[in-house]
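Enquirer:
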Amino acid sequence: MRIRVVVAAFLTQAIIIGCMFSYGVFFKILEEEMGWSRTILSASSSVAFLTMGVLAIVGGRLNDRYGPRWVLSISGVLTGLGYVLMSQVTESWQLLIFFGLFIGVGLSTHDVVTLSTVASWFDKRRGAMTGVVKTGTACGQMILPVVATLLVSIYGWRSALIIIGVGVAASLLLISQWMRRPTENKAAAQQVQSEVWGLSFAQAKRTRILWTLCAIQFCFFPALMTIPLHILVHATDLGMTTVKAATVLSLIGGSSILGRLSIGMLLDKLGGRTSLIFCLLPLALSLGSLLIIENPSNLYLFALAYGIAHGGLFTVVSPTVAEYFGMKAHGAIFGVILFFGTLGGAAGPLLAGVLFDLLGSYQLTFALLSALALAGLLLAISLRKPALTT
C-alpha cells in the first residue's frame, strides 16, 4: 500500500507541475497572437500562486481532517477544467480567472496533500521517499513542455490546451483513488511504527523556527517560480530558437531529478538545516551567473546548476517540517510555510514581467532573485537544531 501511495503522489506531482511549466510554451504565443504584455501574462501566474498560497492552508487542514482522496479528486477536475477554459480566452481577464484561479486550486493541493500523506507513511526513510515523489515534478518539467510544444505545432494552441485539460482531469481523478493515509486502513496503520507525535499548530506558531522557515521559503520561492516561466522567453531573446529554448527548460527538469534524489537521501542523514544550505548556495550562484551570460549556449550550464538546487528545494521543506514539528499538524504547518513561499512566488513572475516591460531586459530581476536566495541562505545558517524528538 505504501508503494502505491508513493506512485500516486509521484504521478500527481508530474502532471500538475509539468503542465504548470508548460505555460511557458504558451507565453510567447499569447504575447504575439493576442498582443498581451508580459506583465499581463505574468500576472495570471501570480494570481495562480496567490490562490495556491491561500488554499494550501485550507488544503492542509482538509487533508488532516478528511484525507487526500477527495481533496485531490476535486482539485484535479478543477485543474483540468482550467486548461480547457483557457483554450477559449479572448480577453486577458479570462486568463487571470482560468489559469489564475482554476489551476491555482490544483497547485494548492499537489504539494501539501501528497507530501503530507507520504510523510505519514514513512519514519526512517521520509526524506528519501519525499525525494522520490518530487522526482515526479522533475519528470513532468522535462517531458510535458516538449509534449505541449509538439501538440501546439500539430493541432494549434487552443486545441492543445483542450487535450491537456481533458488529460489532466481524467488522469488526476483516477490517480487520486490510490491516495490513502495509514489510518484509513487497519492493517496499514499497524505498519506505522510510531504514534502520531509532535506539536499542534497552535504550539508551532509560537516558535521562532516556524517563522524562520516561512522567511526562507519566501526568499527562495520567487526564483523557483520566475525562472521556469521566463527562462524560455529569455533564451529566445538571446537568440535561441523556441525548440532549443524548450530544451533548456527540459534540462532544468532533468537535472532537478538529481537534486531531489540526492537531497532526499541527505535529509535522512544530515537533517533539514544542512540540506537547505546545500540547496541555497548553488541557487544563489546560478542566479548570479545569469547576469553575465550572453552566449545562449551557456544557459545549459545554468540550467544544470539551477535545476539541482531547484529540485532539492522542492524536496527539503516537508521532511524538515516533520523533523522540527512532528506529524500531529504537519499538513497545517506545511500549508502555512507554503503560503509564505507563494507570496514570493506570486510577486516574482509579475515583477519580472513589469521590469522587462519597463527596462527591456531581465538583468534587475536576476539580481534581485540572487540577493533573495543569498538572504535565504543566511537564514538557513541561523536555524537552531529542532528541540522536538521522537
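Counting from 1, one number per residue, gives the positions in the sequence shown under the numbering used here.
Idealized CB from N, CA, C, for every residue including glycine.
These figures come from a predicted structure and were not determined experimentally.
#1: Considering only DSSP beta bridges, list what G198 is partnered with.
#2: Between which two residues does the alpha helix (DSSP H) containing S22 stretch?
#3: Helix, strand or coil for D357? Go by DSSP, reduced to three states.
#4: Report the three-state DSSP secondary structure of L290 (helix, strand or coil).
#5: Just confirm the distance between the C-beta atoms of G312 and F340, as a whole number of angstroms; I'd bet it's less than 8 Å.
#6: Report the residue from C214, S87, A119 and D64 whose alpha carbon sits nearest the alpha carbon of S318.
#7: Is the closest heavy atom of the ligand GDP to the C-beta of H230 under 7 Å?
#8: With a cut-off of 8 Å on the beta carbons, I'd call I162 and V105 a contact; round off their distance for me.
#9: Measure the Cβ-Cβ separation of P228 and F21 and say whether it is below 8 Å.
#10: Measure the alpha-carbon distance for T242 versus V248 and round it to whole angstroms.
#11: In three-state terms, what does DSSP make of E33?
#12: Throw me the rounded Cβ distance for the A48 and L107 pair, which I believe falls under 8 Å.
#13: Please tell me whether T320 and L224 are closer than 8 Å, where the distance is taken between their beta carbons.
#14: In terms of residue numbering, what span does the alpha helix (DSSP H) encompassing R260 cover?
#15: How should Q217 be labelled, buried or exposed, when 16 other C-beta atoms within 10 angstroms of its C-beta is the threshold for buried?
#16: In terms of alpha-carbon separation, which member of R181, L95 and W157 lies closest to F122?
Expert: A quick look at the data gives this:
#1: G326
#2: That residue, S22, is in no alpha helix (DSSP H); it is neither H nor E in DSSP.
#3: helix
#4: Coil.
#5: Incorrect: roughly 19 Å between the Cβ atoms, too far for contact.
#6: A119
#7: You won't find the ligand GDP in this model; it holds no ligand whatsoever.
#8: Incorrect: roughly 19 Å between the Cβ atoms, too far for contact.
#9: yes
#10: Taking the Cα positions, T242 is about 10 Å away from V248.
#11: helix
#12: 6 Å
#13: no
#14: Run containing R260: T242 to L270, per the alpha helix (DSSP H) assignment.
#15: buried
#16: R181
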